[in-house]
Amino acid sequence: MERGMSFIGLGIWGGGWSRLGKEKRVRPVRLRSSVVCAGMWSWDGFAKELFAVTLSLGMVSFNGRDMERRGLGSHPVVEVGAPPAGRTSAGWFGRRGKEEPLLPKSGSHGAQEKGGRQLLALPMEQAKSGTAKNSASFVSRAVRAVGPAVVRIDTERTIHAPSLDPLFEDPTFKRFFGDEIPNMQPKDRLERGQGSGVIVSKDGLLLTNAHVVADAEKVTVTLTDGRSYIGVVKGTDEVVDLAVVKIETKGVDLPIAPLGVSADLEVGDWVLAVGNPLGLDNTVTLGIVSSLNRSAAEVGIPEKRLNFIQTDAAINPGNSGGPLVNEFGQVVGLNTAIRANAEGIGFAIPIDRAKDVLNELSNGRKIQHAYVGIQMVSLTPEFARQNNEDPNAASIIPEVEGAIVIRVIPKSPAATSGVRRFDIIQAIDGTEVRSAKEVQTIVDRAKVGQIVHLRIVRGESEKPIEVQVKTGDLSTIKDLDTKDGHKSQK
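Below you can see the structure in the form of structure tokens.
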């Protein structure tokens, strides 16, 4: 509407309603008991009436008076006094166009009007400033706490070209193609990558993902204030996709991100993803914790050995290694991966897991992981039933609960102990297990060299098997085909 005004009122209705001016402005539904009601009023031209919503126990009334073509400006209005029935009221109004203010000029304490009421004015700028100062957004507070410690990581690595086929060196081949052969020789190329990281110590240690700095020949770390340093990779652990990089600042102070406790997270908690997606430095996105303890198999990267935090905070290429921050401005995770075929499904490594390996990696030590050499998925009777009803099923599966082995790594401890594909693990060391996650948790707690006792179901019979836990390169199962379409984002 042209130069119009509008007002929305909310109150407690328990009595009759009155006519305002010459027109009815409210159409509440009359009920026997008190209910919440709301009305909206609007009119064209200059404002003609002032409506104050008056609240008292069980009653709402609306008052109006002529404004004599005067505007209220952009000011809140508070009505103070002792009107009938002991009412107090408050309203917020606005205007369009240049109009003479109704409220007192600066320096006046108020304008007295009939009935002992007094109109008090508070300039909009003053109210807005006070509100922003006293109720700052938790997002901005969290960003101020962590943002300066978030860095951009630029990497360079040489991709070596494969050698020419020996056929090209054959004299007969050269006789036909002559000088064309050198032009066919592929050349090495320089590959550049980019990711994020977060500074966690005064001596220049920062955490990031292992895949961000993998095989990097040069690492450059850039802070939000523009300072740039050469980074040295102190250690990586591809099994949990973590790396520690150190920068030398020669005594210059560094911002440090406070670390939280990821074990305290709950589904529904607010979180922020901070990083450098697509080269856009220090980008912040807001979301919630969508789920906790997502297994690596569920995420689609079965070669990893940890559970993930799932979030709907936007994560994009370049976010990897950047912090996931709680509402208190503490790092609770490191952003790692997204679903390639979906939006709003991202995953972060819990910061508690990063703390476990930080000291080892910063000192250049290799992390020892328990390894038996199997890949599993959780099995339920319903899943087994669906498989058995499929005429193209590779095998008939017992309709029980447990963890079904879908791959045994050749020459692994499990392979040498006799574990086979489609074996169903139902217990380890006497502890019943109902999922692959439970099996993995028990194996992760085992010490290298320890013998674990499995109870498996094979066909229609149970069988005990002993497996000695060893260390191994879990990256050897990277070639396993996955159909979920997951990918890590650098």
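So for the sequence shown, full-length UniProt numbering puts the first residue at 1; every next one is plus one. Backbone N, C-alpha and C fix where the C-beta goes; we use that ideal spot for every residue, glycine too.
(1) How big is the Cα-Cα spacing for alanine 337 and serine 320?
(2) What is the residue span of the beta strand (DSSP E) that glutamate 298 lies within?
(3) Under a three-way DSSP split, which group does arginine 434 fall into?
(4) Distance check for valine 143 and aspartate 225, CA to CA, integer angstroms please.
(5) Quick one: which unbroken alpha helix (DSSP H) runs of 4-plus residues sit fully inside the stretch 203-282? Chain order, please.
(6) Check for me: the alpha helix (DSSP H) holding leucine 361 runs from which residue to which?
(7) Would the beta-carbon of valine 240 fall within 8 Å of that of valine 357?
(8) Is the beta carbon of leucine 324 sitting closer than 8 Å to the one on isoleucine 309?
(9) Can you find the residues in the same chain that come closer than 7 Å, C-beta to C-beta, to lysine 470, ignoring five residues on each side of it along the sequence?
(10) What whole-angstrom Cβ distance do alanine 436 and alanine 297 have, given they're in contact under 8 Å?
(11) Leaving out five residues on either side along the sequence, give the residues of the same chain with a beta carbon under 7 Å from the beta carbon of leucine 254.
(12) Could you compute how far the alpha carbon of isoleucine 301 sits from the alpha carbon of valine 213?
(13) Thinking glycine 275 and asparagine 335 are a contact (beta carbons under 8 Å), I'd like their distance in whole angstroms, please.
(14) Please look up how many angstroms separate the CB atoms of valine 457 and isoleucine 424, rounded, as I've assumed it's under 8 Å.
(15) From alanine 354 to asparagine 316, what distance separates their C-alpha atoms?
(16) What did DSSP end up calling alanine 313 once you bin it into helix, strand or coil?
(17) Quick one: complete alpha helix (DSSP H) runs, 4+ long, within the stretch 337-423?
(18) In three-state DSSP terms, what is serine 196?
(19) Can you tell me where the alpha helix (DSSP H) with valine 143 in it begins and where it stops?
(20) Given a cut-off of 8 Å on the beta-carbon distance, is the pair asparagine 209 and glycine 193 in contact?
(21) Do glycine 322 and alanine 257 come within 8 Å of each other at the CB atom, strictly closer than that value?
(22) On the CB-based measure, 16 or more other CB atoms within 10 Å of its CB, does aspartate 237 come out buried or exposed?
(23) With H, G and I counted as helix, E and B as strand and the rest as coil, what does DSSP make of arginine 305?
(24) List the endpoints of the continuous beta strand (DSSP E) containing aspartate 188.
(25) Counting along the chain, where does the beta strand (DSSP E) carrying aspartate 429 start and finish?
(26) Could you have a look at valine 439 and say whether DSSP puts it in helix, strand or coil?
(27) Hey, how far is the Cα of glycine 333 from the Cα of alanine 348?
(28) Return the CA-CA distance between proline 350 and histidine 160, expressed in angstroms with no decimal places.
(29) Buried or exposed: which applies to alanine 384, given that a residue is buried once 16 or more other Cβ atoms fall within 10 Å of its Cβ?
(30) For a quick check, are the C-beta atoms of isoleucine 288 and glycine 260 less than 8 Å apart?
(31) Taking the C-alpha atoms as reference points, what is the distance between glutamate 401 and valine 146?
(32) Can you tell me the Cα-Cα spacing of leucine 242 and threonine 155, whole angstroms?
(33) State the beta-bridge partners of asparagine 319 as determined by DSSP.
(34) What do you reckon, are the CB atoms on valine 439 and valine 419 nearer than 8 Å?
(35) Thinking leucine 223 and valine 331 are a contact (beta carbons under 8 Å), I'd like their distance in whole angstroms, please.
(36) Please report the distance separating the alpha-carbon of aspartate 188 from that of valine 219.
On the basis of the coordinates in this document:
(1) Taking the sequence shown and counting its residues from 1, one reaches residue 337 at position 337. Taking the sequence shown and counting its residues from 1, one reaches residue 320 at position 320. Those two C-alpha atoms are separated by around 7 Å.
(2) Reading the sequence shown from its first residue, position 298 is the one you call residue 298. Not the beta strand (DSSP E): glutamate 298 falls in the alpha helix (DSSP H), residues 296-299.
(3) Here residue 434 corresponds to residue number 434 of the sequence shown, with the count starting at 1. DSSP places arginine 434 in coil when its eight states are reduced to three.
(4) Working through the sequence shown from its first residue, we reach residue 225 at position 225. Working through the sequence shown from its first residue, we reach residue 143 at position 143. For aspartate 225 and valine 143, the distance between alpha carbons rounds to 14 Å.
(5) 210-213
(6) Here residue 361 refers to the residue found at position 361 of the sequence shown. First-last of the alpha helix (DSSP H) with leucine 361: 351-362.
(7) Looking up residue 240 in the sequence shown gives position 240. Looking up residue 357 in the sequence shown gives position 357. Yes, these two residues count as a Cβ contact at 8 Å.
(8) Within the sequence shown, the letter at position 324 stands for residue 324. Within the sequence shown, the letter at position 309 stands for residue 309. Taking 8 Å as the Cβ cut-off, leucine 324 and isoleucine 309 qualify as a contacting pair.
(9) In the sequence shown, counting from the first residue as 1, residue 470 sits at position 470. Counting only Cβ-Cβ distances below 7 Å, and skipping sequence neighbours, we find Tyr371, Pro413 and Val448.
(10) Along the sequence shown, read from residue 1 onward, the residue named residue 436 stands at position 436. Along the sequence shown, read from residue 1 onward, the residue named residue 297 stands at position 297. Confirmed, about 6 Å.
(11) Position 254 of the sequence shown, counted from the start, is the residue given in the question as residue 254. Around leucine 254: Ile199, Lys202 and Gly204.
(12) For the purposes of this step, residue 301 is taken as the residue at position 301 of the sequence shown. For the purposes of this step, residue 213 is taken as the residue at position 213 of the sequence shown. So the alpha carbons of these two residues sit roughly 18 Å apart.
(13) Locating residue 275 in the sequence shown gives position 275, where the first residue counts as 1. Locating residue 335 in the sequence shown gives position 335, where the first residue counts as 1. The Cβ separation is near 6 Å, so the contact holds.
(14) What you label residue 457 is simply residue 457 of the sequence shown in a count that begins at 1. What you label residue 424 is simply residue 424 of the sequence shown in a count that begins at 1. That pair is a contact at about 4 Å.
(15) Locating residue 354 in the sequence shown gives position 354, where the first residue counts as 1. Locating residue 316 in the sequence shown gives position 316, where the first residue counts as 1. Approximately 21 Å, taken between the alpha carbons.
(16) The residue labelled residue 313 in the question sits at position 313 within the sequence shown. In this structure, alanine 313 counts as coil in the three-state DSSP scheme.
(17) 351-362, 381-389 and 413-417
(18) Residue mapping note: residue 196 aligns to position 196 of the sequence shown, counting from 1. Strand at serine 196.
(19) The residue given as residue 143 occupies position 143 in the sequence shown. Looking at the DSSP string, the run of the alpha helix (DSSP H) that includes valine 143 is 138-146.
(20) What you label residue 209 is simply residue 209 of the sequence shown in a count that begins at 1. What you label residue 193 is simply residue 193 of the sequence shown in a count that begins at 1. No, they are not a contact pair.
(21) Here the question's residue 257 lines up with position 257 in the sequence shown. Here the question's residue 322 lines up with position 322 in the sequence shown. The answer is no: Cβ separation not under 8 Å.
(22) Position 237 of the sequence shown, counted from the start, is the residue given in the question as residue 237. Buried: at least 16 other Cβ atoms inside 10 Å.
(23) What you label residue 305 is simply residue 305 of the sequence shown in a count that begins at 1. Residue state, collapsed to three classes: coil.
(24) As a working note, residue 188 is residue 188 in the sequence shown. No beta strand (DSSP E) contains aspartate 188, which DSSP labels as neither H nor E.
(25) The count along the sequence shown starts at 1 and reaches residue 429 at position 429. Taken as a continuous stretch (DSSP letters only), aspartate 429 belongs to no beta strand (DSSP E), as it is neither H nor E.
(26) Along the sequence shown, one-based indexing puts residue 439 at 439. It is helical.
(27) Looking up residue 333 in the sequence shown gives position 333. Looking up residue 348 in the sequence shown gives position 348. Answer to the nearest angstrom: the Cα atoms are 5 Å apart.
(28) Here residue 350 corresponds to residue number 350 of the sequence shown, with the count starting at 1. Here residue 160 corresponds to residue number 160 of the sequence shown, with the count starting at 1. Roughly 35 Å separates the two Cα atoms.
(29) The sequence position of residue 384 within the sequence shown is 384, counting from 1. Buried is the call here.
(30) What you label residue 288 is simply residue 288 of the sequence shown in a count that begins at 1. What you label residue 260 is simply residue 260 of the sequence shown in a count that begins at 1. Not a contact, by the Cβ cut-off of 8 Å.
(31) The residue given as residue 401 occupies position 401 in the sequence shown. The residue given as residue 146 occupies position 146 in the sequence shown. Near 44 Å, if we compare the C-alpha coordinates of valine 146 and glutamate 401.
(32) In the sequence shown, the residue the question calls residue 242 occupies position 242. In the sequence shown, the residue the question calls residue 155 occupies position 155. Spanning the two alpha carbons is a distance of roughly 16 Å.
(33) Walking along the sequence shown from the start, residue 319 turns up at place 319. Looking at the DSSP assignment, asparagine 319 forms no beta bridge with any residue, so it has no partner.
(34) Working through the sequence shown from its first residue, we reach residue 439 at position 439. Working through the sequence shown from its first residue, we reach residue 419 at position 419. Cβ atoms of valine 439 and valine 419: not closer than 8 Å.
(35) Taking the sequence shown and counting its residues from 1, one reaches residue 223 at position 223. Taking the sequence shown and counting its residues from 1, one reaches residue 331 at position 331. With 8 Å as the limit, leucine 223 and valine 331 do not qualify as a contact, their Cβ atoms being about 16 Å apart.
(36) Within the sequence shown, the letter at position 188 stands for residue 188. Within the sequence shown, the letter at position 219 stands for residue 219. Taking the straight line from one Cα to the other gives about 19 Å.
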